[in-house]
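Participant:
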Amino acid sequence: MIIVMRRDAKEEDIQHMIKEVESANLKPTVLRGTERTVIAVIGDERKMASMGGVESGPGVDEVIKVLAPYKVASRETKSEPTIVKAGSLTVGGGHLGIIAGPCGVESEEQIIASAIAIKKAGATALRGGAYKPRTSPYSFQGMKEEGLKLLAKARTETGLAVVTEVVASEDVELVSEYADVLQVGARNMQNYRLLEAVGKSSRPVLLKRGPSASMDEFLLAAEYILDAGNQQVMLCERGIRTFESHTRFTLPLASVPYLQQKTHLPVVIDPSHGTGHTPLVPALARAAIAAGADGIIVEVHPNPEKALSDGYQSLNFKQFEDMMTGCRKVAAAMDMQLA
Ligand code: PEP
Ligand code: MN
68 MIIVMRRDAK EEDIQHMIKE VESANLKPTV LRGTERTVIA VIGDERKMAS MGGVESGPGV
128 DEVIKVLAPY KVASRETKSE PTIVKAGSLT VGGGHLGIIA GPCGVESEEQ IIASAIAIKK
188 AGATALRGGA YKPRTSPYSF QGMKEEGLKL LAKARTETGL AVVTEVVASE DVELVSEYAD
248 VLQVGARNMQ NYRLLEAVGK SSRPVLLKRG PSASMDEFLL AAEYILDAGN QQVMLCERGI
308 RTFESHTRFT LPLASVPYLQ QKTHLPVVID PSHGTGHTPL VPALARAAIA AGADGIIVEV
368 HPNPEKALSD GYQSLNFKQF EDMMTGCRKV AAAMDMQLA
């Protein structure tokens, strides 16, 4: 159930309704928008007095039953878009975030050169994995804390916010010390303990869709983070597994308008993992922006041929610069601000 407060509701009215919800042993999640406040009620609503009773509470405008299994993530709960902010990165509500950088941090030289080049080309945040979840245990696993330190150094040198993956709940605290945004990777989308842990963190989260997860499962994974108290969540479509093999994954761009219809959370597209082939990345980045995406996350490496992971889908600096020229034109046509 969603309790929509009137525009002129007083703080004491809001507090009164919160107490009402709590006294019925239900959990209120308060979403304060610029226009009005709503209280999402999670739990068995039958514990609460009749819907009519709640509706006549002080400052209450209306009470809506939520049909979607995800409550806090739903557009029914909050109609205005959520804007995620982390240092130089702003995503949502007309702001287009461009997150770029290597798949993994490999050396000081590599990450600093990448940060400088992507910033010059117009990126608004730096990506780079320090903890790499790899399909094979024999592949490069990342530089771990050493990599986090190099990311922080790249932020100091360029002012770019750092987006980096956290693969285990016990690492959330350490990664949060260095990162501006915590990335939860596709392989971990249904690691519910990790979702709860990032939900308790004060850092915004970039949640990637599992390659075989349905949209409802994706949104329920986001719901875990929101329910734990963190409202700064970005949803990232990075492609799903299908019978098709001409691309590494199949990148469904319909996810953008679909998710924007169902949720207020910003949607980010990953054309690198979504295609798995460098030559296909720029076109899909442009298409994502044209479809209304709030951000893109792209792999860029000083020398993709020598990359320790995902070189075959990474852009070199010149290719990224050219991609940005195209993206800027589409962004302008879509009235999106690069910031
Ligand atoms: C990555 O961003 O490098 C990554 C591992 O992505 P995904 O979790 O989408 O596979
Ligand atoms: Mn990668």
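Every position in the sequence shown, counted from 1, becomes a number in our numbering once 67 is added.
Just so you know, even glycine gets a beta-carbon here, dropped at the ideal spot from N, CA and C.
Here the structure is a predicted model, which means the values were calculated and not measured.
Since residue 345 contacts residue 371 with CB under 8 Å, what's their CB separation in whole angstroms?
Facilitator: Mapped onto the sequence shown, residue 345 falls at position 278. Mapped onto the sequence shown, residue 371 falls at position 304. Yes, they are in contact, since the Cβ atoms of residue 345 and residue 371 sit about 7 Å apart, within 8 Å.
Participant: From this set, 260, 227, 72 and 132, which residue's C-alpha is nearest residue 436's C-alpha?
Facilitator: Residue coverage of the chain in this structure runs from 68 to 406, which leaves residue 436 outside it and unanswerable.
Participant: Is any heavy atom of ligand 2 found at a distance shorter than 6 Å from the C-beta of residue 337?
Facilitator: Numbered from its first residue, the sequence shown carries residue 337 at position 270. Residue 337: no, Cβ never under 6 Å from ligand 2.
Participant: So what's residue 144 in DSSP terms, helix, strand or just coil?
Facilitator: The sequence position of residue 144 within the sequence shown is 77, counting from 1. Shown here, residue 144 sits in coil according to DSSP, grouped into three states, outside any helix or strand.
Participant: Distance, Cα to Cα, residue 269 vs residue 153?
Facilitator: By one-based count along the sequence shown, residue 269 stands at place 202. By one-based count along the sequence shown, residue 153 stands at place 86. About 11 Å.
Participant: What's the gap between the Cα of residue 311 and the Cα of residue 305?
Facilitator: Residue numbering aside, residue 311 sits at position 244 when the sequence shown is read from its first letter. Residue numbering aside, residue 305 sits at position 238 when the sequence shown is read from its first letter. Computed Cα separation, rounded: 15 Å.
Participant: Hey, quick one: how far does the alpha helix (DSSP H) through residue 225 stretch, first residue to last?
Facilitator: Here residue 225 refers to the residue found at position 158 of the sequence shown. Counted as a single uninterrupted DSSP element, the alpha helix (DSSP H) harbouring residue 225 occupies residues 212-225.
Participant: Entirely within the region 329-368 and at least 3 residues each: give me those beta strand (DSSP E) ranges in chain order.
Facilitator: 334-336 and 362-366
Participant: Determine, using beta-carbon pairs with one atom in the region 182-193 and one in the region 215-235, whether at least three such pairs fall under 8 Å.
Facilitator: yes
Participant: From residue 284 to residue 81, what distance separates their C-alpha atoms?
Facilitator: Taking the first residue of the sequence shown as position 1, residue 284 is located at position 217. Taking the first residue of the sequence shown as position 1, residue 81 is located at position 14. Rounded to the nearest angstrom, the two C-alpha atoms are 31 Å apart.
Participant: Out of 315, 74, 402 and 99, which has the shortest C-alpha to C-alpha gap to residue 379?
Facilitator: Counted from its first residue, the sequence shown places residue 379 at position 312. Out of 315, 74, 402 and 99, 315 has the C-alpha closest to the C-alpha of residue 379.
Participant: Buried or exposed for residue 120, going by 16 or more other Cβ atoms inside 10 Å?
Facilitator: In the sequence shown, counting from the first residue as 1, residue 120 sits at position 53. Classification of residue 120: exposed, given that the 10 Å Cβ count is below 16.
Participant: Just to confirm before moving on: does the CB-CB distance between residue 288 and residue 262 stay below 7 Å?
Facilitator: If you number the sequence shown from 1, residue 288 lands on position 221. If you number the sequence shown from 1, residue 262 lands on position 195. Yes, these two residues count as a Cβ contact at 7 Å.
Participant: Any idea if residue 134 is buried or exposed, counting beta-carbon neighbours within 10 angstroms, 16 or more meaning buried?
Facilitator: Mapped onto the sequence shown, residue 134 falls at position 67. Counting Cβ neighbours within 10 Å, residue 134 comes out exposed, since fewer than 16 surround it.
Participant: Does the region 166-177 come into contact with the region 360-375, if we say contact requires no fewer than three beta-carbon pairs (one atom in each stretch) closer than 8 Å?
Facilitator: yes
Participant: My guess is that residue 341 and residue 326 are in contact by the Cβ rule of under 8 Å, so how many angstroms apart are they, rounded?
Facilitator: Within the sequence shown, the letter at position 274 stands for residue 341. Within the sequence shown, the letter at position 259 stands for residue 326. 15 Å between Cβ atoms; not a contact.
Participant: Taking the alpha-carbon positions, what's the residue 182 to residue 323 distance?
Facilitator: Stepping through the sequence shown from its first residue, residue 182 is reached at position 115. Stepping through the sequence shown from its first residue, residue 323 is reached at position 256. Residue 182 and residue 323: Cα-Cα distance of roughly 27 Å.
Participant: Here's the rule I'm using: 16 or more other beta-carbon atoms within 10 Å means buried, otherwise exposed. How should residue 276 be labelled?
Facilitator: Here the question's residue 276 lines up with position 209 in the sequence shown. So residue 276 ends up on the buried side.
Participant: So, at 6 Å on beta carbons, what are the nonlocal neighbours of residue 299 in its own chain, with the 5 sequence-adjacent residues on each side left out?
Facilitator: Start at 1 with the first residue of the sequence shown, and residue 299 comes out as number 232. So the list reads 151 and 271, once near-sequence residues are dropped.
Participant: What number of angstroms, rounded off, separates the C-alpha of residue 91 from the C-alpha of residue 114?
Facilitator: Looking up residue 91 in the sequence shown gives position 24. Looking up residue 114 in the sequence shown gives position 47. Distance between the alpha carbons of residue 91 and residue 114: 6 Å.
Participant: What separation, rounded to the nearest whole angstrom, lies between the Cα atoms of residue 166 and residue 123?
Facilitator: If you number the sequence shown from 1, residue 166 lands on position 99. If you number the sequence shown from 1, residue 123 lands on position 56. Rounded to the nearest angstrom, the two C-alpha atoms are 46 Å apart.
Participant: Between the region 206-219 and the region 384-399, are three or more C-beta pairs nearer than 8 Å?
Facilitator: Touching, no, given that fewer than three Cβ pairs across the two stretches are closer than 8 Å.
Participant: Relative to ligand 1, what is the chain-ordered list of residues with a Cβ closer than 5 Å to any of its non-hydrogen atoms?
Facilitator: 170, 252, 253, 275, 305 and 340
Participant: With a CB to CB cut of under 6 Å and the five nearest residues on each side skipped, what residues in its chain are close to residue 343?
Facilitator: The residue labelled residue 343 in the question sits at position 276 within the sequence shown. 314, 315 and 380.
Participant: Are there 16 or more other CB atoms within 10 angstroms of the CB of residue 385, so buried, or fewer, so exposed?
Facilitator: Working through the sequence shown from its first residue, we reach residue 385 at position 318. It counts as exposed.
Participant: Terminal residues of the continuous alpha helix (DSSP H) containing residue 91?
Facilitator: If you number the sequence shown from 1, residue 91 lands on position 24. No alpha helix (DSSP H) contains residue 91, which DSSP labels as neither H nor E.
Participant: Which residue from 352, 198, 214 and 87 puts its Cα closest to that of residue 163?
Facilitator: Position 96 of the sequence shown, counted from the start, is the residue given in the question as residue 163. It is 352.
Participant: Please list the terminal residues of the continuous beta strand (DSSP E) segment that includes residue 380.
Facilitator: Taking the first residue of the sequence shown as position 1, residue 380 is located at position 313. Premise fails: residue 380 is in no beta strand (DSSP E) and is neither H nor E.
Participant: Would you list the one or two residues that DSSP bridges to residue 109?
Facilitator: Residue 109 sits at position 42 when you count from the first residue of the sequence shown. Note: residue 109 sits in a beta bridge opposite 94.
Participant: Mapping the DSSP letters down to three states, classify residue 250 as helix, strand or coil.
Facilitator: Stepping through the sequence shown from its first residue, residue 250 is reached at position 183. Reduced to three states, the DSSP call for residue 250 is strand.
Participant: For residue 146, does the count of other Cβ atoms within 10 angstroms reach 16, so buried, or fall short, so exposed?
Facilitator: As a first step, residue 146 must be located in the sequence shown, where it is residue number 79. Burial call: exposed.
Participant: In whole angstroms, what separates the C-alpha of residue 71 from that of residue 105?
Facilitator: One-based indexing of the sequence shown puts residue 71 at position 4. One-based indexing of the sequence shown puts residue 105 at position 38. Spanning the two alpha carbons is a distance of roughly 5 Å.
Participant: Would you decide whether residue 137 is buried or exposed? Buried here means 16 or more other CB atoms lie within 10 Å of its CB.
Facilitator: Taking the sequence shown and counting its residues from 1, the one referred to as residue 137 is at position 70. The residue in question, residue 137, is buried, as its Cβ has 16 or more Cβ neighbours within 10 Å.
Participant: Return the Cβ separation of residue 286 and residue 107 in integer angstroms, given the expectation that the two are a contact with Cβ distance under 8 Å.
Facilitator: On the sequence shown, residue 286 is found 219 positions in, with the first residue counted as 1. On the sequence shown, residue 107 is found 40 positions in, with the first residue counted as 1. Going by Cβ atoms, the distance from residue 286 to residue 107 rounds to 14 Å, so no, they are not a contact pair.
Participant: Can you name the start and end residues of the beta strand (DSSP E) that residue 139 belongs to?
Facilitator: Along the sequence shown, one-based indexing puts residue 139 at 72. Taken as a continuous stretch (DSSP letters only), residue 139 belongs to no beta strand (DSSP E), as it is neither H nor E.
Participant: Could you pull out every residue in the same chain whose Cβ sits closer than 8 Å to the Cβ of residue 308, ignoring the five residues on either side in sequence?
Facilitator: Indexing the sequence shown from 1 puts residue 308 at position 241. The residues are 278, 279, 316 and 317.
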